[in-house]
Structure formats: C-alpha cells, structure tokens
Amino acid sequence: MTTQQPTAAQPHAETTQQPTAAQPHAETIELERAVVKHWKAPVSYAVLTLVALVLFVVASRDGSTTLRLASVGDFVALPDAVLPVRATGIVVVVLLAALTAVSTWLVATVRKQGFWLPLAFGVLFVVAFLVWAGADKMIPIPGLLFATVGLSVPLIFGAMGGVISERAGVVNIAIEAQLLSGAFSGAVIASSTGSAVLGILGAMLAGVLVSMVLAVFAIRYFVEQVIVGVVLNVLVVGLTNFLYSSVLTANPALNSPDRLPRIPIPGIETIPIIGPALFEHTVIVYAMFIIVPVIAWGLFKTTWGLRLRAIGEHPLAADTVGIKVNRLRFWNVALAGAVAGLGGAYFTLDTTGAFNREMTAGLGYIALAAVIFGQWHPLKATAAALLFGFASALQQTLGAIGSPVPSEFMLMLPYVITLLAVAGFIGQSRAPAASGKPYIKQ
Amino acid sequence: MNETPRDADDPIEPHAPQRPGGSPDSGAAPTAVHAPAEAEVQVAAPVAPTDDRTADVDDPWGSAFRRIMGGNLVMAVLAILTSLVVGGILIAATDERVQETAGYFFARPGDMLSAVWTAVSGAYLALFQGAVLNFAAADRGFIYLIKPLTDTLNFATPLIAAGLGVALAFRVGLFNIGGRGQMLWAAAASAWVGFAFQMPPILHVIVAILVGIAAGAIWAGIAGALKAYTGAHEVISTIMLNFVAFWFITWMLRTPGLLQNPGGNNPISPPMPETAILPSIFGPPFVLHWGFLLSVLAVIVCAWLINRSNLGFQFRAVGYNASAALNAGMNVKRLTVYAMLLSGAFMGLAGAQQVTGAVTTGFTAGIDAGIGFDAITVALLGGSTPWGTFFAGLLFGAFKAGGFRMQAAEGVPVDIILVVQSFIVLFIAAPPLVRAMFGLPQPGRKSRRQRRDEAALAAMTQQKGAQS
Amino acid sequence: MTVEPTPLGAPTLELRGITKRFGALTANDHIDLEVRAGEIHCLLGENGAGKSTLMNVLYGLYRAEEGEILLDGEPQSFAGPGDAMRAGIGMVHQHFMLIPVFTVAENVLLGHERELGGLSGARQKVREISQRFGFHVDPDARIEDLPVGVQQRVEIIKALSQDAKVLVFDEPTAVLTPQETDELMAIMQQLRDEGTAIVFITHKLREVRAIADRITVIRLGKVVGQASPESSTTELASMMVGRAVELTVQKNPPVLTDNALVVSNLTVLDALGQKVVNDVSFTVRGGEVLCIAGVQGNGQTELTEAILGLQHRVTGSIDLNGNELIGDSVREVLDAGVGFVPEDRKVDGLVGDFSIAENLMLDRYSGAPFVRAGTVDREERDRFAAEKLESFDIRAQGIETPVGTLSGGNQQKVVLARELGRPLALFVASQPTRGLDVGSIEFVHSQIIATRDAGIPVIVVSTELDEVVGLADRIAVMYRGGIVGIVPADTSRDTLGLMMAGERVAGAPNPEPSKGAVA
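Protein chains in written order, with my numbering: chain G, 9 to 450; chain H, 32 to 499; chain A, 413 to 931.
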C-alpha cells in the first residue's frame, strides 16, 4: 500500500454517510422503521429474581455462612467472611430486583444492555446461592475456584476446538471424540515413551486424526456433519473401550504415564484467592492461558482469522477472491482437533494419571454447549466453560459439605442454561452462516 | 481440492449438483444452461442470510436428506463387509498370538497368518453362533440351535422401535439425537406405572407401555416445540435434553419415595410385577418377548404413516422443502412438533420395551444401553425407510447378540461391535468412498449418460414446442 | 467522454472460441468476444443464453473445454478466480460476493491481505476509491447494515482495489432502482473514460442502448452477431430472442364482476421492524388484471406474502368478498379461494423430490378429493394428475416424474395446474414468467387472461415492464413499500419508469377500477 499525498487531504472521507444535497449518490433506500423492543432479557431477570425471592428469602435458612478466602501460602492472609443467610438473601434479592428494573428501563427506552448487567446479576445470584447453600458451614473459596479452573480446562480446550471448526464452517459435534482420543493416546504414548511431552503431542495428533476423519467426510464426501460427529463419538468410545479391554488391561505398563508436575509460578501464586486458583497448575493449563487469547486475537486480527471467518460465513465469496475454501477448512478443522486433543491430554496426564473407559463422560457435549452459549466467540466460550466448570466445582464442594440441592440438579445446570440459550432466552446466538453446509465447488 | 469439474449449471448455487436428476437444464428453457431465475431471488434480500428461509434457498431440494435416504442395497452390503474387515483387522492386531508371531513374521510368515486367521475366524464364528445358529449346541436339540436367532430378535426389538423414531424424524428433516433422554423418561414412566399400580395382567402391561410412549413423546416434543417456536436447533436441544433426563432420572432413582426401590440404597427401581411384564413368546429357554411383535407392528404403522397417510405426506413435504410446504398451507411449526412427538413415541416404545421386556428386575439410569445412539445408525443403514430400519435393526440386533458370545467365547471385547457399527454408518454415508474402494464406477459417470438422455428429451420437447 | 474507443487498438481482453459443455448441453459454443481499454462492451442475451457461464469461464470458476482467453495478447490459464483477479480481471457479481457480517474494509481486504497492507491499508484503499468516484462508503460499516445499492458499490470497490484492467458487470441493475441504475451507468462511463475495459452483461435493451460502445448478442450459447448501439429496441430484441417477438398479449376489454379484493391501509413490518409494505390500499375487481410493477425489492414480495398469510406483522385490511384475510393462516387463505403462484417456484411452489402427482395435490392434503380417512387416495390423485398433464400440456414421462427434473416452463405449468385446479376467488401470480422460454411465457399469459375472463380478480406482480404493460388492465407501481400510483395500462413507459423511481406523476393516483382505463 503506497501512502501518497491524498491521505491528508481526505481525513474524514469515511464520515460521509449522511446524504447532502450536492451528493445525490449517497441517497439510499432506507425504509421507515418501527421500534422493536426485546423483552426477553427483563422477563428472564424477573423470573430469576422471583426464583431468588422464593429460594433465598421465603425458603431462607437460619444461621450464617463462612466463606473462607485464605489458603496456605498466601502472602497476606484474608479473614473469613461470615455472612448471615437471611440478611444476605434479602439484600441480594433487592439488588436483583433493582437490576431487573434497570434492564426494563433500558429496554423501554431502547437502550443497549451492557455486558455488565448479566455479569452483575449472575455474580449476585451465585453469591446468594453459596451463602444459602452453605448455611452454618464453611465454604473454601480458593478451593472452589481451583476446582473450577481444573474442571474447566478440558471444556475450554474442547470449546476452542469447537469455535475454530465451526467458524470455519464445519459443525464439530465430535469434540467428545477428540477429547477421548486425546486422553487415550496421551496416556499410551506418554507411558510407552516415558515422555510427557511426547504424550501431549500424541494426544494432539489423535485429536487431529479424529478431526481429519470429520473433515474428509464433511468436506470431501459432503456427509451431514452432525451425523459424522455423532458417529465419530460412538466410534471413538468403541475403539478406546476395545483397546482398553484388549490391550491396556493386559499391559498396565501402557497405561501408567508420569503425570505432569505442578509448577507454581513464583510470586504470583501467593496472591490470595486467585493465586492458587490460577497459578499452581501444570503446563497444559498454562498453555491454555496462552492459547485462548491467541485464538481470540488471531480470529479477529489476523489474516488467518479473516479467512477462517470468511469461509464459515460465505465460502463462495471467499472462493471468488482466490481462497481455497475446502483446503482451508480441512486444515482448520485439523487444527481444531489438535486443540481439543490437547484438552484430552489433561485427563490422563494431569488429573487422573491413567486412562479409563469413557473417562470424558460427556464433557465434550458440555464443551459444545459452551461454544453455543459463548456465541462462537473464543473469550465468551471460555467464560461459558468457566461457568459450567464452576457449576461442577460447586456441586463437588456442596456434595462434600452436605448440600441442600441434589447434586444432579447442579450437574444439569450447563445443559439447562444451554437449552435456554439456544431457545433465545439468554443472549442472542447466531451461528456462522455457512456452518454445517458443505461447500461444493463446481 | 483438485476435483474434476462437476456438471452443474451455476457456480452461484453451490448445491446445484444435488438437484434430482442432475439435469443442468432443469432451470430455464430454451437452452437454460444456468438458472438465473432462482438466483435473482437471493439477491433481492438486502439482509444477511441468517434465517431459515434463506437457508432453504441455499438448498432448495434438501440435498442432505436425500443423500441419507438414497442408499441402496449393494452399497449397504459393501459397507457392512468393509466394516467387518476393519473389525477383523482390529481383532487380529490386538490378538496376543498374532502379536507374538508378528515378531518373527519374516522368518515364518505362516505362523502369523494362521494366527490372524484363528483370531478373526474364531471371533466371527462366535459372532455368528451367538447371533444366528449355534452349531455347538446343536446336539442339545433344535431349540438350542436356533435360540441365538431369537436372541437376535430380542436385541433387535428396541433397536427397531428407536430406529423408527430416528427415521421418522429424518423424513421431516429433523435429527432426533435425543433417543437416550426419551427412552429414559419412557422407561421411568413405564416402570412407575408397573410398580406403583395394580391392574389386571394384560391391561397393566398395555397401560405401562402406553404411558411410556407418551413420556417419550413429550420429552421429544419439548425439542420439537423449541425448534418450532424459538428456532432452537433440535440437534443441540435433544443432546442437552439427554443429559437433563439422565441426571433427573438418576436423582429420582436414588431418592426414596420416587423411583427408588423401597428398602434399598442403590439407584435402582423396584422390579416389575408379573402383570406388567411382556410375556415370552415361546416360553423358556427363549427370552424373546411380545415386544418384538410390537416393534413389527410399529414398523407397519410407521410405513403407513410415512407413505400413505396425509400426515406423512405433509411430513415428507416439510422434510424435502419446508418453504413450499408453508406456501401450500401446511402448518410447518405444528408439523415439526408432531414429528418430534411421534419420533419420541417410537423412542418411548423402545424405552417401555426395555423395562417391560428386557430388564424387568428394576432399572437403572443405564437402561437405555446406548440404544438411543444405535438407533441413529440403524435408521441410517435402513435408509430412513420403515422396512429398511426393520432389517437394519435385525442386523444390529444380531451384532449385539453375537457380540456378547464373542466376548465370552473368544475374549474379544464386545465394544468391537460399536466400532463395526460406526464404520458401517460412515461408509453408508459416503458411497463415493466405498465405490472407490471397490473400484465401482462413480455415479457422476453413470448419470452422465442419463443426463444425455434427458437433454435429448428436453431438446425434443423443445422442438415440439417450437413447432406447435 | 474524453477517450474515444479506438476500434483499431489491440483488444485488452479476447475470448477465442470458448466452448463449455455441461454433459450433452453446450452452454457456450465457440464464443468469441473482445474488449478494448476504454470501451463498454455489452453482452446481450436472454435468461439462459449462456452469458453467466461465459463470464464464469472468464473468471476461472468454470474451465472451458475449448478456446482460449487472451489478456493483452497473452494466453491465460486460470485455475481459479484468484488467478483471474491477479491477471487484472475484476467482477461485479450478480449476487454480491460480500460477507454480510464483515465490514467494507474487511471484505476488500479478504484474499489480498498482504498486497493491501492489512486492515488499515484496506481502509485507506476504500476511502481512496470512494473519494475518486464519489461513492461515500464508510470502510467500517458492516455490509448487512448497508442498502443494496451501496453493497454494489462495495463490490465495485473490491474489484477496483485490485487495479482491474477489465471489469465485468454481471446483470448489475437487477436489484437497482432506475435512479440507482443511472448512477451505476455514470460510474461505468467514468471507469471507461479512465481506460478500463468493461464487459456489461444484461438482458435489458434500454440499458444496452444507453451505454454500450459495442454489443454482442448471444443466443442458445452462440454468438448471434454484433449490433450497433444505434439499433432499435425491436431489432435488438429479435436478435436476442431469435424471432420477431410478439410482446403484446391478446385480450378483450375487461368485464368486471362483483368479486373483489379490497386492500386498505396494509402495512407489513419485517423482522427488523422496517415497514416493507407501507400503508398500501387498492381494489381489484373480478375480471381485471391489476399488475404490480416496480423494481425488485420494493415490497411486492411482502405484499403478496401478506395476502397469502405468510407475513405475521401485518396491519390494515385485506378483504376478499367481505371476508377479512388478515389473521388467517395460509391454510385458511387458500381455503378462501386464493390461488397463488409464488415468485420462486423451486423454493416456494414445488417440492422437487415429489412426483408431479404429489405436487399437484400439495395444497389439498386433507379432506376431499385426495384424502379419505387420513389416507391419501392414490387413484384419485393419479387420475387428477393425468388429466392436468394433458390439459396443461406438461411435458414429462409421466405423473410419477419428480418435478425437480422438469424444465422451468413445465414446472411452472405444474404450479399453474395446481393453483387453477380448484375454485378460485382470487388469483395472485408473482413473477409468473421469470426464467421461462418464450413459448411457456405465452402459455402462462394465456392462462392468466383466461382466469381474468372467468371473472376472477387477478394480481400479477412483475418487474418486467413489457409483461406489465401487456397483461395489465391497471398498473400499480410500488416503491419503497408504498404504492406510488395506480395508472391505466396505456400509461407511457417513461411515466412508469419515473414512478418506479418513486416520482409521483400528475393524475396518477387512481385507486378505483374504471372501465374506461382500457379501451
């Protein structure tokens, strides 16, 4: 791009949307518009506030809850927060009602709802729930957050795999298969080579292989992508179960990888609350901290991302500017598999230390839910995965201290939230326009 | 990708080759080489193609579902054979004797080859004996010779019913991946009617099954209603509903006073009373119960429903071209809900059969036994037709029956069946791949002659038109 | 116009003997075409004559079996659009090749990230070109928020950003108002004067005569010949169609009946709350044809859909013989006796995988005559189909033939046979002859006139002025969702053209049918 002299002469050339009398060109068809108001958000808030009212005030419990904020090794020990259950419930419900009112006002005056509103609403609701559920008990917040991060890791890797693949126009139901094959391959390769690094690479390779099958069938043979995804999930379950039963049980040496060491990051790991939650993990988790922002940046700021999004939105348009749509789709789906496969390695090389039958236990589907709830955006999907991870961690914590809510209901939460999201009650989810449609070149 | 240029009329229309008949001049006469008429409509929309309507425009003749349904018998047989070969390779590769002999393959290749033969033939012979005829037990009498066959029918019973559910939804353009959740609810409802009420023998089991069918229908109907009235994609909602159902039923099974067996601590329901159990057709030792005839009946009902009834006519119209159905006055939203309700009803039948026929000693959250997912493969192999689904269900029932014997007799894990099933579906879904493997002509070439004929016909009619 | 086209100069682009076959059909049969720098070469041909195929060959989307493409005398071999673009061929596609959720700059950047120097470079380029041609395009606006006319400018910017020597405009005016068309013409002339070689593909004779330096007419995939821009419309039309065209429709003066559709203050909102139909009122009496003219996308589609009950955010009144249709479902509207030929028969009118027989009963799927006790009466269905196959001269192997394999004309006959096959109180036909051959057009027109003569109110929506003028007893012109005016059928084309651009013409509003309108 040459920077010739006219640059200075037309600094505001882009602000010429308004037509003036001298510029008949700018006249465009603009139809009259009636105001449309979307009442879904305030209605949802109102319903949730009512739920909160019933749960936290009407069905409130006596006593107070201790939220432990400190953990061993913090550079400054925070005191425990002791919150009275009933009072906290009342305060939160009042605040929730206020937020609902704000939301109603925003819609009534046709203003944009910021992201802060659902965030504040969610945090308040969760705090009230914690206090309510933990009445007369102690809830260790750092432990809860540590578990949240841990449980979110495979979800986030899986969701990133989903985001990349779907942004490129290939529906990735096979996240579960990518995770499971990654877990299997990571365990076997790390055990047989004695190298965790090779194990990680092996896990990524397995994810890539699953992805490539998906890509070949979806892109080359135009098979309905949902079908390939579902079948791949079944296939990998069958394959890993078969190999586990026929090979691994007979040769335990093939299924005893060295687990990756936890590497606390000196200094910042002593920050209260978030230090242990974020900075006492294995390399896989640190890799996640890097990969997520890199994907987000790459998707929206680089040539790779521009082309990736283009082939997922309007492949023919991309083709007419010389982009090899199907080739690009293929390699990006493969990349998605590598990322998800890395998430699979987390199961065997980080948490468990051995492969087990169907050890991903449907987490791939939760990752898929996070992709959708996160509106196909890497950061939002990560937030969704963290939310789902939190629900899971909460269920474990409450299970340990004796929960008033059946753990199954907590486990159901991600799916119910996603159902509400796809039904349009929470947020606006719009998939990449060409996602799921094969591009058939003439 | 360096594909050979496909015969097609308009690059603007990426799905063009899928048009039935593939005739490039199906658009506009006289020569009608490209079809601008249909494309101009797309341009008219000034907004981004995001809603369902424009998605239909992209693919006016619904190519995906025709591909699903377009399988033929030869392809099915080849796909099954190829998948069995893949399974055989896996069996051989994991066999210990094969691994040992592979160490000195170059010294004595015969050892390994014979080991491979022993492993694979042994496994598949066991599969056959477990699924069709048990020669080993022939000396114990005819009954024991053919007992495996009835086991196959027994395993096929819920597969057929659930497969019909998937197939019916496919025909309306819907994926019902929610078989698991629907079966769980059906099983729970059926079992509840079974152990919580006392009724006369035959009536009891009928009521239990009907309530199960209704429960499955309702759970699928939720996904249908979400699809129709909020646009939520049924693939996502049925998957999510599976998990919701799983955790909900799990909770009910471990909560006293709900589904838990009184006096027990395990998450399992009380056993079914005699009155709520489908009786065995032939009596012991055969386990085959009357549920199988219910499945056959379901096939007949489904066939009438899809092919002959006016509801089926509307279903198929919606499945092929929802937009045209809408213009013809059909209530597409309501039909979507009906389709999911009926699809769930067949799933519900499968769930009810499980608790009233297969597992009568109390059920757990694993009662679906993967049938909800197997049903997808059954429907695909069956080309989404009722009788195709029936035979596909029989085949997969045979795999299941034989798989257990294979595991017991030859130590080959039963999971190999899942692998073989998955490969069958993958191959079925991609006929060009199978054709390439067997060196069969690709349809592009075959139909080119067909196209020539059609073009000649078109030219003839055109001439006639010009003369008149 | 400062630069005269130099007839003796070497052609910038030359196509020699291009032949492209699809199976047994020859879409392009040894086509020669050359364009010089600084000229506009019109490629004129009917729908389906092979124009777009030729351009897709030129643009590398198709590969020709024979022939060669020369640029500045050098033979080219394009493996894909990327090659064509690099060689200096730009294309303004009939269907915009823009990604709706991207900004203008991102669309321009796509595929040329390095050459343009990233997003900032693309932004700069957009501003530069926009400034040069007075486009007024904001590089950071999202495509889906832009009106169609502006989107087309983005397409042009995309092509120009690659310094195209040859620019191909493929049916660019199909989506534009007459005024926008004029602006586009001015842009094309400016480009020509700056030395760009332009290929202008169209089937609109008036545009060709207004702007072409040279004209090549193709028909049935072959070059019929060259024509001069001074040729008359009739001459061009007969070259294009191949025989002297009878554009008028034979019909008697209307005999009005008491049947009537009265539409009053009809307003339709789209999903975004835009008034796509804005306070429309008109009356159609039995025995007359009301044609709704206008440029594509001015609310005609939504108007007909509102009548059929397909639009949901509708206010006002649609009264058919005293029966209010607003709020009725499509089913109820059809049962009230409305026959409807949709704009796009393949998408909205037919199920391609269904047989002719099944398509003929598509909107009568419950009750008599085709359904008994919830079961389709196949004998009755087939009897009906066989009869219609005969009476509508549908050329097919039999009633079991899937309609997807039929030609466009025969498909439209199936739609007509179905819609006219039951007792009607109103007949609405939207773009009934789009994409059809001349023979089929005549058949469709005769059926429409026969329906009118049977005393049924008929509404025909068409963007083709010839068709409008030929069929109408009265003409309503729509613009931006409103009716500009309702005028007699003998209104001059110039007046109609002005009205299509939104000009209210003196004496035009004439909402009531009058017998004196057509003599």
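We put the beta carbon where it would ideally sit given N, CA and C, even for glycine. All values reported here derive from a predicted model rather than from experimental measurement.
G:I454 - DSSP class collapsed to helix/strand/coil: Within the shown structure, residues of chain G are numbered from 9 to 450, placing residue 454 of chain G beyond reach of any answer.
Comparing the C-beta of G:H322 with each C-beta of chain A, is any distance below 7 Å? Yes, G:H322 counts as interfacial toward chain A.
Could you tell me whether any Cβ in chain A is nearer than 7 Å to the Cβ of G:A318? At least one CB atom of chain A sits nearer than 7 Å to the CB of G:A318.
With a cut-off of 8 Å, do at least 3 Cβ pairs link the region 383–398 of chain H to the region 302–309 of chain H? Cβ pair count under 8 Å is three or more, so yes.
Threshold first: 3 residues or longer. Then list the beta strand (DSSP E) segments lying entirely within the region 351–424 of chain G, N to C. The beta strand (DSSP E) runs of length 3 or more contained entirely in the region 351–424 of chain G do not exist; there are none.
What's the call for A:Y474, buried or exposed, on a 16-neighbour Cβ count within 10 Å? Buried, by the Cβ-count rule.
Give a yes or no on contact between the region 343–358 of chain G and the region 209–220 of chain G, applying the rule of three or more CB pairs nearer than 8 Å. With a cut-off of 8 Å, the region 209–220 of chain G and the region 343–358 of chain G count as touching, because enough Cβ pairs lie within range.
Taking Cβ to Cβ, would you say A:V447 is nearer than 7 Å to A:V611? Against a cut-off of 7 Å, the Cβ pair of A:V611 and A:V447 comes out as a contact.
Proximity below 7 Å, CB of G:A223 to CB of G:V341: At a Cβ-Cβ threshold of 7 Å, G:A223 and G:V341 count as neighbours.
Tell me, please, whether the CB atom of H:N297 is closer than 7 Å to any CB atom in chain A? No, H:N297 lies away from the interface with chain A (no Cβ there is under 7 Å from its Cβ).
Assigned secondary structure, A:R784 (DSSP; H/G/I helix, E/B strand, else coil): Strand.
On a Cα-Cα basis, can you pick out the residue from G:A261, G:G351, G:V242 and G:T359 that is closest to G:R270? Closest in C-alpha terms to G:R270, from the list G:A261, G:G351, G:V242 and G:T359, comes G:T359.
Using a Cβ-Cβ distance under 7 Å, would G:T96 count as near chain A? Taking Cβ atoms only, chain A never reaches closer than 7 Å to G:T96, which makes this a no.
For A:V674 versus A:T695, is the C-beta spacing smaller than 7 Å? Result yes, Cβ atoms of A:V674 and A:T695 sit closer than 7 Å.
When you compare each of G:F64, G:A155 and G:W47 to G:A408 by their alpha carbons, which one comes out closest? That would be G:A155, whose Cα lies nearest to the Cα of G:A408.
Per DSSP, which residues does G:T74 bridge with? Please list them. Assignment of beta-bridge partners to G:T74 by DSSP yields G:V90 and G:M146.
What beta strand (DSSP E) runs, 3 residues minimum, are completely inside the region 461–521 of chain A? Segments of the beta strand (DSSP E) lying fully in the region 461–521 of chain A: 478–483, 486–488 and 501–504.
Roughly how many whole angstroms lie between the Cα atoms of H:L325 and H:A157? Answer to the nearest angstrom: the Cα atoms are 29 Å apart.
On the criterion of 16 or more Cβ atoms from any shown chain inside 10 Å, does H:R139 qualify as buried, or is it exposed? Counting Cβ neighbours within 10 Å, H:R139 comes out exposed, since fewer than 16 surround it.
Flag H:R84 as yes if its beta-carbon sits less than 7 Å from any beta-carbon of chain G, otherwise no. Below a pLDDT of 50, predicted positions are generally treated as unreliable, and H:R84, at 29, falls in that range; the measurement from the model is reported next regardless. Chain G has no Cβ within less than 7 Å of the Cβ of H:R84.
Minimum C-alpha distance to A:L427 - residue among A:P754, A:G485 and A:G450: Of the listed residues, the one whose Cα sits closest to A:L427 is A:G485.
Compare the C-beta of G:G330 with all C-beta atoms of chain A and state if any pair is closer than 7 Å. Residue-level contact by beta carbon holds for G:G330 and chain A, with a gap shorter than 7 Å.
Between which two residues does the alpha helix (DSSP H) carrying A:S693 extend? Membership of A:S693 in any alpha helix (DSSP H) is not indicated; the residue belongs instead to the beta strand (DSSP E) covering K687 to R697.
Going by the CB atoms, is the gap between A:V745 and A:G721 shorter than 7 Å? Contact check for A:G721 against A:V745 passes: the beta carbons are separated by less than 7 Å.
C-beta atoms of H:D182 and H:A400 nearer than 7 Å: Going by C-beta atoms, H:D182 is not nearer than 7 Å to H:A400.
Give a yes or no on whether the C-beta atoms belonging to H:A13 and H:A248 are separated by under 7 Å. The structure shown does not extend to residue 13 of chain H, since chain H is modelled only from 32 to 499, so the question has no answer here.
Do A:S842 and A:E755 have their C-beta atoms closer together than 7 Å? Contact: yes.
Span of the beta strand (DSSP E) holding A:R830? Annotation: A:R830 is outside any beta strand (DSSP E); the continuous alpha helix (DSSP H) that includes it extends over G820 to E831.
Strictly below 7 Å CB to CB, what residues from chain A border H:R339? Chain order gives the chain A residues near H:R339 as T787 and V788, where near means a beta carbon separation below 7 Å.
Does A:T727 come out as helix, strand or coil in the three-state DSSP assignment? A:T727 falls in the strand class under three-state DSSP.
Interface residues of chain G facing H:A461 [CB-CB closer than 7 Å]: When 7 Å is used as the limit between beta carbons, H:A461 is near these residues of chain G: F225, Y229 and V231, in chain order.
So which residues on chain H does A:P835 lean against when the C-beta distance must stay under 8 Å? Those within 8 Å of A:P835 in chain H number zero; the least Cβ separation is about 15 Å.
Helix, strand or coil: how does DSSP classify H:P417 here? If DSSP states are grouped into helix, strand and coil, H:P417 belongs with the helices.
Report the three-state DSSP secondary structure of H:G322 (helix, strand or coil). For H:G322, the three-state secondary structure derived from DSSP is helix.
Looking only at DSSP bridge pairs, what is A:Q638 linked to? DSSP output for A:Q638 lists A:T628 as bridge partner(s).
Does the CB of H:F206 have a neighbour CB from chain G at under 7 Å? Taking Cβ atoms only, chain G reaches closer than 7 Å to H:F206, which makes this a yes.
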